[in-house]
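First up is the structure itself, then whatever we jot down about it.
Protein chains: 2
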Amino acid sequence: MTPPPAISDAVTIELNAVLVALTENQPLVLTLEDGALLPSGPFATEHPTLQSGVRAWVERQTRHPLGYVEQLYTFADRNRPASDGQRRVVSISYLGLTRERLSAGARDPEWRSWYRYFPWEDWRAGPSPLVAQTILPQLSTWADATVDAAKQRERRQRIDVNFGDGVENWNEDLILQRYELLYEAGLVPETLEERNRATPPGIEPVPGMPMRHDHRRILATGIARLRAKIKYRPVFFELMPPEFTLLQLQRAVEALAGRPMHKQNFRRLIDQQGLVEPTGALTSETRGRPAKLFRFRREVVLERAVQGTKLPLSRPI
Amino acid sequence: MTPPPAISDAVTIELNAVLVALTENQPLVLTLEDGALLPSGPFATEHPTLQSGVRAWVERQTRHPLGYVEQLYTFADRNRPASDGQRRVVSISYLGLTRERLSAGARDPEWRSWYRYFPWEDWRAGPSPLVAQTILPQLSTWADATVDAAKQRERRQRIDVNFGDGVENWNEDLILQRYELLYEAGLVPETLEERNRATPPGIEPVPGMPMRHDHRRILATGIARLRAKIKYRPVFFELMPPEFTLLQLQRAVEALAGRPMHKQNFRRLIDQQGLVEPTGALTSETRGRPAKLFRFRREVVLERAVQGTKLPLSRPI
DNA sequence: TATCGTTATGCTCATTCTTAGTATAATCAG
DNA sequence: CTGATTATACTAAGAATGAGCATAACGATA
Chain A
1 MTPPPAISDA
11 VTIELNAVLV
21 ALTENQPLVL
31 TLEDGALLPS
41 GPFATEHPTL
51 QSGVRAWVER
61 QTRHPLGYVE
71 QLYTFADRNR
81 PASDGQRRVV
91 SISYLGLTRE
101 RLSAGARDPE
111 WRSWYRYFPW
121 EDWRAGPSPL
131 VAQTILPQLS
141 TWADATVDAA
151 KQRERRQRID
161 VNFGDGVENW
171 NEDLILQRYE
181 LLYEAGLVPE
191 TLEERNRATP
201 PGIEPVPGMP
211 MRHDHRRILA
221 TGIARLRAKI
231 KYRPVFFELM
241 PPEFTLLQLQ
251 RAVEALAGRP
261 MHKQNFRRLI
271 DQQGLVEPTG
281 ALTSETRGRP
291 AKLFRFRREV
301 VLERAVQGTK
311 LPLSRPI
Chain B
318 MTPPPAISDA
328 VTIELNAVLV
338 ALTENQPLVL
348 TLEDGALLPS
358 GPFATEHPTL
368 QSGVRAWVER
378 QTRHPLGYVE
388 QLYTFADRNR
398 PASDGQRRVV
408 SISYLGLTRE
418 RLSAGARDPE
428 WRSWYRYFPW
438 EDWRAGPSPL
448 VAQTILPQLS
458 TWADATVDAA
468 KQRERRQRID
478 VNFGDGVENW
488 NEDLILQRYE
498 LLYEAGLVPE
508 TLEERNRATP
518 PGIEPVPGMP
528 MRHDHRRILA
538 TGIARLRAKI
548 KYRPVFFELM
558 PPEFTLLQLQ
568 RAVEALAGRP
578 MHKQNFRRLI
588 DQQGLVEPTG
598 ALTSETRGRP
608 AKLFRFRREV
618 VLERAVQGTK
628 LPLSRPI
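Just so you know, the protein sequences line up as chains A and B, in that order. Quick note on the working numbering: the first sequence kicks off at 1 and runs consecutively. Quick note on the working numbering: the second sequence kicks off at 318 and runs consecutively.
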């Protein structure tokens, strides 16, 4: 049932990482070559496991310990097929969370806000005008551009599910599906190279940086996973400094989720679940009344494994 | 940053599948060689993508269309390291749901209830006596068997989180963690071969069939993913015949989740969410009052993509 | 120094969701 | 005809959620 693999079926493994950090309320991702690539490395024989392979070269590159690592997805890259005698490449991507950032301002690697790649995903200040003003009109045109009535209906429905009406029914977890829809509609290029070709007439490309290969898609996958995960596992503490105020914590979660949250309810949930404990200290870095400092109660991750976290991610806006 | 991979870093890809079907309220999984292996196949050059590779050989083997396929996990098998000139094997596993089963009663491949591999995971008839009577006592012994007080506390906590007290606080999603804990405690063998060695004194092995390599772990991963998934995506319809009664649907979900559900609330949720529509027909295959037949409203998967399903999986028992 | 803007924090209230039923209907076996 | 069995409608209590009011404590500034 498992015939001995032929030589030609040998592949090379490439590891990709979506490394996330958080600074000044911006969700950052580590990039190379002017933001065009995610860091990647080979999976070599000396690595006992895949995950240790990732940790090894990431920590060597960033010189910072990786707080949390999780496998994202594996795929055989269609953009780099088995050709000219090269072995086929299989990419395994990982999501990593890290508390501190590499030398700020460095060019390569460089931390960039992920909203530079997906500007329409930032709804922290309310519905993104990009969606209502640029994306939806063009998607609408795209939906109408098919003669097949059934197909037209299906397109409209997909648009509706993924983007809502531009004001309501926004689900931040659908970032990957939205990206794929935009790509299908020809509104975003799949790769940097593709962007350099002529833009079809009548199409105004949606803002947002492309990357090489399928790295932008991998990034979308990582963000999607993280956005989904924070709803049932308090992984966001991996991105926080040892001590923080509740507002800082809220801003961090908002940065990841890309949407605002109700302050009082956020606090209620966080301490109802016993996720934090006061350090006893206060801070007055901010302007108003000084806030208590808290630290994460790492124990609860064990205790709570059963229930998970709940976040007041204010329902579909 | 990505040095050209050396020849020695070439690997062979193996695809594994956890194929699930459902018959007479038993969750079935497709196995080979007397239940010792999950079906697996090579990833060959002719396959454009990984998923199409899986579909290709699975459908050839089972002669049934695969309703739903999802990638599970990728890992470099430690049990089959690069040795004697062989290339290292990287396994990519998939979860597949199928509506019909292969020739019933066949020996190879053969459908088996997954509870033969994880008997303690079946709580449909209430708390599994295996947990309270066999597993917990032995885990308790294991926890005490370390002198390090901190470690002891940590072990106790893990046991508590994963198994509850044998009666309450059972979370069906933790099947993988439970399996890993049992393995760590030496209560289940990792492989078939391992079982054949001498059992340590004082340890009564927990019932449940082992498999070869790490296939039992892969199976646990698949079940865990499926149990988690049905809570927010109505994938269980992929396992149902075209028409069914609400009780049949409930029994199906219970078979997957391994726990009983509240009948009235189950129905309420299912139709509140518009997941089904009556066919107009009744059935009296059962003894009592005839039940309406329903069919799945496939459209809602699109409409509902935002919200997902909700199931009255009666809270931690 | 009094006021204002700003942030922190405690508390309430209406609404919705869940859980756990009770009650009644419709069939079959005997 | 009776009891067992399954289907289905409906309800009451409690928990969780979403939204907001009210008050506290600070710095800046008039």
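A virtual CB, placed ideally from N, CA and C, is assigned to each residue, including glycine. None of the values given here were measured: they were computed from a predicted structure.
Query, Result
"Listing by chain order, which chain A residues have their CB less than 7 Å from the CB of R404(B)?", "A10"
"With the cut-off set at 8 Å, would you say V335(B) and L345(B) are in Cβ contact?", "no"
"So, using beta-carbon positions, are Q450(B) and A460(B) closer together than 8 Å?", "no"
"Mind checking which residues open and close the alpha helix (DSSP H) that includes I454(B)?", "Rather than Ile, the amino acid found at residue 454(B) in this sequence is Pro. Per DSSP, P454(B) belongs to the alpha helix (DSSP H) from L453 to D461."
"Would you mind telling me which residues of chain B sit closer than 7 Å to D44(A), beta carbon to beta carbon, in chain order?", "At residue 44(A) the sequence reads Ala, which differs from the Asp that was named. The answer, in chain order, is D326."
"For the structure I just gave you, are there three or more beta carbon pairs, one from the stretch 550 to 567 of chain B and one from the stretch 354 to 368 of chain B, closer than 8 Å?", "no"
"If A569(B) and L586(B) are in contact, beta carbons under 8 Å, what's the gap, nearest whole angstrom?", "Going by Cβ atoms, the distance from A569(B) to L586(B) rounds to 15 Å, so no, they are not a contact pair."
"Determine the burial state of I520(B): buried for a count of at least 16 other Cβ atoms within 10 Å of its Cβ, exposed for fewer.", "exposed"
"Taking one C-beta from the stretch 451 to 458 of chain B and one from the stretch 370 to 382 of chain B each time, how about it: are there three or more such pairs within less than 8 Å?", "no"
"To the nearest angstrom, how far is it from the Cα of D108(A) to the Cα of M211(A)?", "15 Å"
"Tell me which residues of the stretch 463 to 482 of chain B have at least one Cβ-Cβ distance to chain A shorter than 9 Å, keeping chain order.", "E471, Q474, R475, D477, V478, N479 and G481"
"If we define contact as Cβ-Cβ less than 8 Å, is A76(A) a contact residue for chain B?", "yes"
"Can you list, in chain order, the residues of its chain whose CB lies under 7 Å from that of M26(A), leaving out five sequence neighbours each side?", "Inspection of the sequence shows that residue 26(A) is occupied by Gln rather than by Met. Same-chain partners within the cutoff: S113 and A255."
"List the residues that DSSP assigns as beta-bridge partners of W111(A).", "L30(A)"
"Determine, using beta carbons only, whether V505(B) comes closer than 8 Å to chain A.", "no"
"Express the C-alpha separation of L367(B) and A82(A) in angstroms, rounding to a whole number.", "Confidence in A82(A) is poor, its pLDDT being 49 and thus under 50, which makes the residue's placement unreliable; the coordinate value appears in the next sentence. Those two C-alpha atoms are separated by around 14 Å."
"Put P446(B) into one of helix, strand or coil per three-state DSSP.", "helix"
"If you reduce the DSSP assignment to three classes, tell me which class N342(B) lands in.", "coil"
"Cβ atoms of V188(A) and G208(A): under 8 Å apart, would you say?", "yes"
"Go through its chain and collect everything with a Cβ distance to S445(B)'s Cβ below 7 Å, but skip five positions before and after it.", "W437 and D439"
"Output the boundary residues of the beta strand (DSSP E) element that contains L72(A).", "Y68 to A76"
"Helix, strand or coil for I13(A) per DSSP?", "strand"
"Could you give the distance in angstroms between the alpha-carbon of E376(B) and the alpha-carbon of E417(B)?", "12 Å"
"Pull up the CB-CB distance for S40(A) and L66(A), whole angstroms please, since I reckon it's below 8 Å.", "About 15 Å separates the two Cβ atoms, so there is no contact after all."
"Run through DSSP, which three-state label would S369(B) get?", "helix"
"In chain A, which residues lie less than 9 Å from V407(B) when you measure between Cβ atoms?", "V11, I13, F43, L50, T74, V90 and I92"
"Within a Cβ cutoff of 7 Å, which residues of the same chain sit near N479(B), ignoring the five residues on either side of it in sequence?", "L491, Q494, R495 and L498"
"When the cut-off is 8 Å and only beta carbons count, does L619(B) lie next to chain A?", "yes"
"Could you list which residues in chain B have their beta carbon closer than 7 Å to that of Q273(A), in chain order?", "Correct list: empty, because the minimum Cβ distance to chain B is about 15 Å."
"Comparing C-alpha positions only, which one of L412(B), Q378(B) and R404(B) sits nearest to T391(B)?", "L412(B)"
"Chain A beta carbons: is any one of them nearer than 8 Å to that of Q567(B)?", "no"
"Please list the partners that Q388(B) has in chain A, where partner means a Cβ-to-Cβ separation under 8 Å.", "Y73 and T74"
"If L354(B) sits next to T348(B), beta carbons under 8 Å apart, how far is it from one beta carbon to the other, in whole angstroms?", "6 Å"
"Comparing alpha-carbon positions, which option in T596(B), P595(B) and L610(B) lies nearest A602(B)?", "The question names Ala, yet the displayed sequence has Glu at residue 602(B). When only C-alpha atoms are compared, the closest one is L610(B)."
"Ends of the alpha helix (DSSP H) at F163(A)?", "A149 to F163"
"By DSSP, does G222(A) sit in helix, in strand, or in coil?", "helix"
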